[in-house]
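Following: one structure in structure tokens, then a few remarks.
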Amino acid sequence: MILTQLPAEFQAAKPIIETIEAAGYEAYFVGGCVRDTILGKPLHDVDIATSAFPAEVKQLFKRTVDTGIEHGTVMILDHGNGYETTTFRTESGYQDFRRPDQVTFVRSLKEDLKRRDFTINALAMTANGEVIDLFDGLADMEQGILRAVGVAEERFHEDALRMMRAVRFASQLGFTIESQTEQAIADNAALLAKIAVERTRVEWEKLLMGQHPVAGLTGLLTTDLYRYMPAMADQEAMLRQLMALPAWHLPSIESTWTLLSWTMQRTDEAAVRQLLKTWKTSNELINHVTAAIKALMALKHNGQLTAQENFYTGLEALKTANQVATILGFGQDQAQLVQSYASLPIHDKHELAINGGDLLKAKLVTPGPMMGQILAACLQAVVMKQVPNQQDALLDFARMVADSKNH
Ligand SMILES: Nc1ccn([C@@H]2O[C@H](COP(=O)(O)OP(=O)(O)OP(=O)(O)O)[C@@H](O)[C@H]2O)c(=O)n1
Ligand SMILES: [Mg+2]
Numbered sequence: 001m002i003l004t005q006l007p008a009e010f011q012a013a014k015p016i017i018e019t020i021e022a023a024g025y026e027a028y029f030v031g032g033c034v035r036d037t038i039l040g041k042p043l044h045d046v047d048i049a050t051s052a053f054p055a056e057v058k059q060l061f062k063r064t065v066d067t068g069i070e071h072g073t074v075m076i077l078d079h080g081n082g083y084e085t086t087t088f089r090t091e092s093g094y095q096d097f098r099r100p101d102q103v104t105f106v107r108s109l110k111e112d113l114k115r116r117d118f119t120i121n122a123l124a125m126t127a128n129g130e131v132i133d134l135f136d137g138l139a140d141m142e143q144g145i146l147r148a149v150g151v152a153e154e155r156f157h158e159d160a161l162r163m164m165r166a167v168r169f170a171s172q173l174g175f176t177i178e179s180q181t182e183q184a185i186a187d188n189a190a191l192l193a194k195i196a197v198e199r200t201r202v203e204w205e206k207l208l209m210g211q212h213p214v215a216g217l218t219g220l221l222t223t224d225l226y227r228y229m230p231a232m233a234d235q236e237a238m239l240r241q242l243m244a245l246p247a248w249h250l251p252s253i254e255s256t257w258t259l260l261s262w263t264m265q266r267t268d269e270a271a272v273r274q275l276l277k278t279w280k281t282s283n284e285l286i287n288h289v290t291a292a293i294k295a296l297m298a299l300k301h302n303g304q305l306t307a308q309e310n311f312y313t314g315l316e317a318l319k320t321a322n323q324v325a326t327i328l329g330f331g332q333d334q335a336q337l338v339q340s341y342a343s344l345p346i347h348d349k350h351e352l353a354i355n356g357g358d359l360l361k362a363k364l365v366t367p368g369p370m371m372g373q374i375l376a377a378c379l380q381a382v383v384m385k386q387v388p389n390q391q392d393a394l395l396d397f398a399r400m401v402a403d404s405k406n407h
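Under the working numbering, residues 1 to 407 are what the sequence shown spells out, in order.
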């Protein structure tokens, strides 16, 4: 198979391969970029594999970065782009395909491809677009089959994350996991427990955001792999609930975790935090999801959000909440929601026309907790459009609040 009309990313990278070839070595595009091009999907990175050893690669190019030189990876910088170039290799004793304990550089493409995870990921392509298919990846691709290269068991022992990758690709591509490969996942599922949570998380997110999430979830259930994911051992019913939702698509990591927290009945702030901590997500994500879940609760129970709820949720988390509410069957018109947020008199507490200093100057309070309470009352009154966001009006209002507190 020869691919004509290669995407621009390959055109830009072609001179790199040609330079390596001119020096007498082999070099190919490999992995996900070849798979995605054949499937007509957008590319995110272009990986190159070569028979040249790292030191040999470095001699050929002016600007390189040692991104993972002990594993054979050198980044070549060219016209503002970076290309990861990895020497053909075999390896052993590793838990992470990208960072094995022991690497042996080899000069043969076949050796390199045969320790890759799935046949559709073991394709290589020359600079001219000729696809090199040593493990029948093209036939599997055509039939929509995910099949481990060689003995599945060995591939999963090399890197247990590959079992998560299998169900993730099932979801992204709508492919079926071939039966021996699936059996090997069922047999080796417990190995997943040893994989770094962050790596498992990325695959879990990609699975849920895929175009065929039910295919991925089915794979998790039939192999029992879900039992070895963080905080998932007892979540069979939750997975079935997700599968039963009418056709859904999650557009972001934020909406993914919001739907998960909701379906796992983690709806109070502490429970959401605990779940996301277990999965080692960022604090930024935790804050976003906690806000979105609060809004989701309000939407579920009241059918709409108050001005105050809009204000405290913030626009991004509001959108997330509504995306998830839509999946769950109680979403609102997104444009209307954005409109009602936009119509809030202020969007941040710093926009309030008075601050603590103003209250002191007007001798309305002395420093202390009372000041915070009065400012909070002012903020609430402005958000609810009970008082205009103007200094005079707010000082009058603050005086009233202070008086009522003093009596
Ligand atoms: N655990 C892994 C990870 C990667 N690979 C190989 O390395 C390539 C590139 O890896 P990566 O970019 O992580 O995955 P992709 O398959 O490219 O998928 P994505 O779309 O997520 O980039 C894969 O295609 C596969 O050949 C592997 O064999 N085993
Ligand atoms: Mg990739």
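Positions of the beta carbon are idealized from the N, C-alpha and C atoms, including for glycine. Only a predicted model underlies this, so the values are computations on that prediction, with no experimental measurement involved.
- I185 beta carbon less than 7 angstroms from that of A223: Your numbering for residue 223 matches position 223 in the sequence shown. Your numbering for residue 185 matches position 185 in the sequence shown. Ala is not the amino acid found at residue 223; the sequence shown has Thr there. For the pair T223 and I185, the CB atoms are nearer than the 7 angstroms cut-off.
- Go through its chain and collect everything with a Cβ distance to E153's Cβ below 8 angstroms, but skip five positions before and after it. On the sequence shown, residue 153 is found 153 positions in, with the first residue counted as 1. Contacts found: A184, D187, N188.
- Segment contact flag, the stretch 321 to 334 with the stretch 264 to 281, C-beta cutoff 8 angstroms, min 3 pairs: no
- Leaving out five residues before and five after Q323 in sequence, what residues of the same chain have Cβ atoms less than 7 angstroms from its Cβ? Walking along the sequence shown from the start, residue 323 turns up at place 323. So the list reads P251, S255, once near-sequence residues are dropped.
- Q180, buried or exposed, once every other Cβ within 10 Å from all chains shown has been counted against 16: Indexing the sequence shown from 1 puts residue 180 at position 180. That one is exposed.
- Task: May I have the straight-line CA-CA distance separating L123 from D140, to the nearest angstrom?
- Result: Within the sequence shown, the letter at position 123 stands for residue 123. Within the sequence shown, the letter at position 140 stands for residue 140. Straight-line Cα distance between these residues: approximately 11 angstroms.
- Closer than 7 angstroms: residues whose CB approaches a heavy atom of ligand 2: G31, G32, C33, H44, D45, D47
- Alpha carbon to alpha carbon, how far is Q334 from F53? Give it in angstroms, no decimals. The residue you call residue 53 lines up with position 53 of the sequence shown. The residue you call residue 334 lines up with position 334 of the sequence shown. Rounded to the nearest angstrom, the two C-alpha atoms are 54 angstroms apart.
- Report the residue from Y226, H212, A292 whose alpha carbon sits nearest the alpha carbon of M163. In the sequence shown, residue 163 corresponds to position 163, counting from 1. For the residues Y226, H212, A292, the minimum Cα distance to M163 belongs to Y226.
- Taking all protein chains shown into account, decide if T290 is buried (16 or more other Cβ within 10 angstroms of its Cβ) or exposed. The residue labelled residue 290 in the question sits at position 290 within the sequence shown. Buried is the call here.
- Message: Could you check whether T176 and G144 sit closer than 7 angstroms to each other, using their CB atoms as the reference points?
- Response: Walking along the sequence shown from the start, residue 144 turns up at place 144. Walking along the sequence shown from the start, residue 176 turns up at place 176. Yes, the Cβ-Cβ distance between G144 and T176 is below 7 angstroms.
- Message: So the candidates are K194, I195, R168; which of them puts its Cα closest to the Cα of M209?
- Response: Here residue 209 corresponds to residue number 209 of the sequence shown, with the count starting at 1. Ranking the options by Cα distance to M209, first place goes to R168.
- Message: Quick check on M1: buried or exposed, where buried means 16 or more other Cβ atoms within 10 Å of its Cβ?
- Response: On the sequence shown, residue 1 is found 1 positions in, with the first residue counted as 1. Answer is exposed; the Cβ neighbour count stays below 16.
- Query: Is T90 close to chain C, meaning its C-beta is less than 7 angstroms from at least one C-beta of that chain?
  - Reply: Going by chain labels, chain C is absent from the structure shown, which holds only one protein chain.
- Should G40 go down as buried or exposed, given a rule of 16 or more other Cβ atoms within 10 Å for buried? The sequence position of residue 40 within the sequence shown is 40, counting from 1. Answer is exposed; the Cβ neighbour count stays below 16.
- Those residues which DSSP pairs with E309 across a bridge: Numbered from 1 along the sequence shown, position 309 holds the residue referred to as residue 309. Answer is none; E309 lacks a bridge partner.
- With C-beta atoms as the reference, is T258 less than 7 angstroms away from Q241? Counting from one through the sequence shown, the residue named residue 258 turns up at place 258. Counting from one through the sequence shown, the residue named residue 241 turns up at place 241. Not in contact: T258 and Q241 (Cβ atoms no closer than 7 angstroms).
- Option nearest A298 by Cα separation, candidates L6, D101, N310: As a working mapping, residue 298 is identified with position 298 in the sequence shown. Considering only alpha carbons, the answer is N310.
- For P15 and T37, believed in contact at Cβ under 8 angstroms, the rounded distance: Counted from its first residue, the sequence shown places residue 37 at position 37. Counted from its first residue, the sequence shown places residue 15 at position 15. No, T37 and P15 are not in contact; Cβ-Cβ is about 18 angstroms, not under 8 angstroms.
- For Q336 and G372, the rounded distance between their alpha carbons: As a first step, residue 372 is located in the sequence shown; it is residue number 372 there, counting from the start. As a first step, residue 336 is located in the sequence shown; it is residue number 336 there, counting from the start. Their Cα atoms are separated by approximately 33 angstroms.
- Query: With which residues is I145 paired in a DSSP beta bridge?
  - Reply: The residue labelled residue 145 in the question sits at position 145 within the sequence shown. Looking at the DSSP assignment, I145 forms a beta bridge with T176.
- Query: Does the beta-carbon distance from L60 to T85 come in below 7 angstroms?
  - Reply: Taking the sequence shown and counting its residues from 1, the one referred to as residue 60 is at position 60. Taking the sequence shown and counting its residues from 1, the one referred to as residue 85 is at position 85. The answer is no: Cβ separation not under 7 angstroms.
- Message: Using a Cβ-Cβ cutoff of less than 7 angstroms, which residues in the same chain neighbour E203 once the five nearest sequence positions on both sides are dropped?
- Response: The sequence position of residue 203 within the sequence shown is 203, counting from 1. Counting only Cβ-Cβ distances below 7 angstroms, and skipping sequence neighbours, we find L161, M164, R165, R168.
- Between the stretch 228 to 236 and the stretch 210 to 218, do three or more beta carbon pairs fall short of 8 angstroms? no
- Between G32, I346, I48, H44, which lies nearest to E21 when the distance is taken from Cα to Cα? Position 21 of the sequence shown holds residue 21. If we check each option's Cα against that of E21, I48 comes out closest.
- Message: Is the beta carbon of T50 closer than 7 angstroms to that of A27?
- Response: Start at 1 with the first residue of the sequence shown, and residue 27 comes out as number 27. Start at 1 with the first residue of the sequence shown, and residue 50 comes out as number 50. Contact flag set, yes.
- Query: Hey, which unbroken runs of the alpha helix (DSSP H) at 4 residues or more fall wholly within the stretch 15 to 96?
  - Reply: 32 to 38, 54 to 60
- Query: Is the Cβ-Cβ distance between C378 and L360 less than 7 angstroms?
  - Reply: Within the sequence shown, residue 378 is the residue found at index 378, counting from 1. Within the sequence shown, residue 360 is the residue found at index 360, counting from 1. Contact flag unset, no.
- Taking 6 angstroms as the line, does the beta carbon of R162 fall inside it for any heavy atom of ligand 1? Taking the sequence shown and counting its residues from 1, one reaches residue 162 at position 162. Checking the Cβ of R162 against ligand 1 gives yes.
- Query: Going by DSSP, which residues form a beta bridge with A124?
  - Reply: Here the question's residue 124 lines up with position 124 in the sequence shown. Note: A124 sits in a beta bridge opposite V30, I132.
- Message: Please determine whether the Cβ atom of D348 lies at a distance below 6 angstroms from any heavy atom of ligand 4.
- Response: This structure does not include ligand 4; its bound ligands are ligand 1 and ligand 2.
- Query: Mind checking L417: buried by the 16 CB within 10 Å criterion, or exposed?
  - Reply: Past the boundaries of the shown model lies residue 417; the chain is included only from 1 to 407, so the question cannot be answered.
- Message: I'd like to check one pair, A353 with I374: are the Cβ atoms closer than 7 angstroms?
- Response: Numbered from its first residue, the sequence shown carries residue 374 at position 374. Numbered from its first residue, the sequence shown carries residue 353 at position 353. Contact: no.
- Task: Determine the closest residue to L276 out of Q339, M243, S171, R201, with distance taken between C-alpha atoms.
- Result: Reading the sequence shown from its first residue, position 276 is the one you call residue 276. Checking every option, the nearest Cα to that of L276 belongs to R201.
- Query: Nearest to G219 by CA position, among F135, G174, E198, is which residue?
  - Reply: Here residue 219 refers to the residue found at position 219 when the sequence shown is read from its first residue. When each option's Cα is compared against that of G219, the closest is G174.
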